[in-house]
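If you read the sequence shown in this note's numbering, its first letter stands for residue -16, the second for the next number, and so on.
Note that the Cβ used here is the ideal one computed from N, Cα and C, for glycine as well.
Structure, as structure tokens:
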Amino acid sequence: MEEYVFICEDSIDGILTGVYEAYQFKKEEKVESHDMLHLAVREPDTPRLFTHYIKIETDNFKSAKVIKTLKKELGESTYYDLCVALLSADEEKADAVYHTIVIGLKYHDKNVLARLHDAMVHKAFVCMRNAGNELHYCKEFLRFEELENGILYAKIGPKNHVLPFLMPHFADRLPADNFVIYDEKRGEFGLHPKYKQWYLATNTDFDTDNLVFSEEEKIYRELFTKFCETIAIEARVNPKLQRQMVALRYRPYMVEFNETGT
């Protein structure tokens, strides 16, 4: 039995374009079942036998049509959860979300992510939960620092690509500030000019060592670090509980755990 794999850009629009193309392909080529169609965010190292690989160019018009259908048929909440799943670092996320959409549309089920007995839905749910949890933690643990030019700067290094959903959260809370959130794992910046729309940019050669912090920031950073040290009760230090509350991988980006703040 021949199968078809659509290779998409690893982005929400890229994968939703793949969903659109898969549906069109099934209709035009009269493919018997969606089980014969798959989505991926990169070509495999070892191609499978009897499998055709088709590269898909991202098309915002096509992805917008899919978004409109998802919101109408599955609801805003499920659409949001599926988008969060697409932030996951798991390379199987595209196929899992695609087949979850197929099931949701087939049964008109706005609670499709509760069908955990289905392997693909379960995979999409796990991707959504992992990326969603990290997005939540980044909202809590992200620390802004003031640069010499007055811009607020924060650095993160998440496993999942949460920056596109992190930016609107802070843009809503800091509309009057110029701020930058830098994802060092992907060399990606979220840029927010005050009172304007935020956007994403990429610079893999960015050197954080060239950043110059304001004198006021240095003072507050030192005061905050001292405050955290002062309120700690040495006899009640509980490293295990601390790791449960703040995972070790977030600490390099938190000023209270990083003396230099960079």
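Pick out whichever of the options has its Cα sitting closest to the Cα of residue i.
{"i": "GLU117", "options": "PHE162, VAL67, TYR203, ASN94", "result": "VAL67"}
{"i": "GLU167", "options": "ILE139, ASN132, HIS35", "result": "ILE139"}
{"i": "GLU131", "options": "LYS48, MET103, ASN161, LYS223", "result": "ASN161"}
{"i": "LEU157", "options": "ARG169, TYR178, HIS144", "result": "TYR178"}
{"i": "ILE134", "options": "ASP101, PRO176, ILE50", "result": "PRO176"}
{"i": "PHE124", "options": "ALA218, ASP28, ARG232, HIS17", "result": "ARG232"}
{"i": "LYS13", "options": "THR191, GLN180, LYS142, GLU(-14)", "result": "GLU(-14)"}
{"i": "ASP204", "options": "TYR236, GLU15, VAL95, ASP28", "result": "Before going further, note that residue 204 is Arg rather than Asp in the sequence given. Ranking the options by Cα distance to ARG204, first place goes to TYR236."}
Can you tell me whether DSSP reads residue i as helix, strand or coil?
{"i": "TYR236", "result": "helix"}
{"i": "ALA215", "result": "coil"}
{"i": "VAL(-12)", "result": "strand"}
{"i": "HIS21", "result": "strand"}
{"i": "ILE50", "result": "helix"}
{"i": "LEU130", "result": "strand"}
{"i": "LYS38", "result": "strand"}
{"i": "LYS138", "result": "strand"}
{"i": "GLY87", "result": "helix"}
{"i": "ASP16", "result": "A quick correction: the sequence has Ser, not Asp, at residue 16. Coil."}
{"i": "GLU26", "result": "coil"}
{"i": "ALA230", "result": "coil"}
{"i": "ASN43", "result": "helix"}
{"i": "PRO151", "result": "helix"}
{"i": "GLY(-3)", "result": "helix"}
{"i": "ARG31", "result": "coil"}
{"i": "LEU146", "result": "helix"}
{"i": "VAL2", "result": "helix"}
Apart from the five residues just before and just after residue i, which ones in its own chain have a Cβ nearer than 7 Å to its Cβ?
{"i": "LYS93", "result": "LEU57, GLY58, THR61"}
{"i": "PHE240", "result": "ARG234"}
{"i": "ILE(-5)", "result": "CYS66, LEU69"}
{"i": "TYR36", "result": "VAL(-12), ILE(-10), GLU26, PRO30"}
{"i": "ASN186", "result": "GLY170, PHE172"}
Roughly how many whole angstroms lie between the Cα atoms of residue i and residue j?
{"i": "ILE39", "j": "CYS211", "result": "51 Å"}
{"i": "MET111", "j": "LEU174", "result": "25 Å"}
{"i": "MET19", "j": "VAL(-12)", "result": "9 Å"}
{"i": "LYS122", "j": "PHE189", "result": "23 Å"}
{"i": "VAL238", "j": "GLU74", "result": "32 Å"}
{"i": "VAL109", "j": "ASN193", "result": "39 Å"}
{"i": "SER197", "j": "GLU129", "result": "6 Å"}
{"i": "THR243", "j": "ARG126", "result": "Any reading at THR243 must be qualified, since the residue scores a pLDDT of 45, below 50, and its modelled position is unreliable; no value is offered."}
{"i": "GLN227", "j": "ALA97", "result": "27 Å"}
{"i": "GLU11", "j": "ALA72", "result": "32 Å"}
{"i": "LYS48", "j": "VAL104", "result": "22 Å"}
{"i": "TYR247", "j": "PHE44", "result": "This structure leaves residue 247 out entirely; the chain is present only between -16 and 245."}
{"i": "LYS89", "j": "THR52", "result": "13 Å"}
{"i": "GLN7", "j": "VAL85", "result": "13 Å"}
{"i": "GLU4", "j": "ASP(-7)", "result": "15 Å"}
{"i": "LEU206", "j": "GLU199", "result": "11 Å"}
{"i": "LYS223", "j": "SER46", "result": "45 Å"}
{"i": "LYS152", "j": "VAL163", "result": "The question names Lys, but residue 152 in the sequence shown is His. About 13 Å."}
{"i": "HIS17", "j": "TYR120", "result": "36 Å"}
Kindly list the residues whose CB is nearer than 8 Å to the CB of residue i, restricted to its own chain and excluding five residues on each side of it in sequence; keep chain order.
{"i": "CYS(-9)", "result": "GLY(-3), ILE(-2), THR0, GLY1, LEU22, ALA23, VAL24, ILE39, THR41, ALA77"}
{"i": "LEU183", "result": "LEU146, PRO147, MET150, GLU171, PHE172, GLY173, LEU174"}
{"i": "LEU99", "result": "HIS105, PHE108"}
{"i": "THR191", "result": "LYS138, TYR165, GLU167, THR245"}
{"i": "ILE50", "result": "LEU(-1), TYR62"}
Among residues of its own chain, excluding the 5 on either side of residue i, which ones have a beta-carbon nearer than 6 Å to its beta-carbon?
{"i": "ALA107", "result": "ALA68, ALA79, VAL80, THR83"}
{"i": "TYR165", "result": "LYS138, PHE172"}
{"i": "GLY115", "result": "VAL67"}
{"i": "HIS144", "result": "LEU70"}
When you measure from the CB of residue i to every non-hydrogen atom of the ligand NAP, does any distance come out below 7 Å?
{"i": "PRO141", "result": "Absence of the ligand NAP from the depicted structure is noted, as is the absence of any ligand whatsoever, leaving it without description."}
Whole runs of the alpha helix (DSSP H) within the stretch 157 to 218, excluding any shorter than 4 residues: 198 to 214, all fully within the stretch 157 to 218.
Unbroken stretches of the alpha helix (DSSP H), 4 residues or longer, contained in the stretch 66 to 110: Here the runs fully enclosed are 76 to 90.
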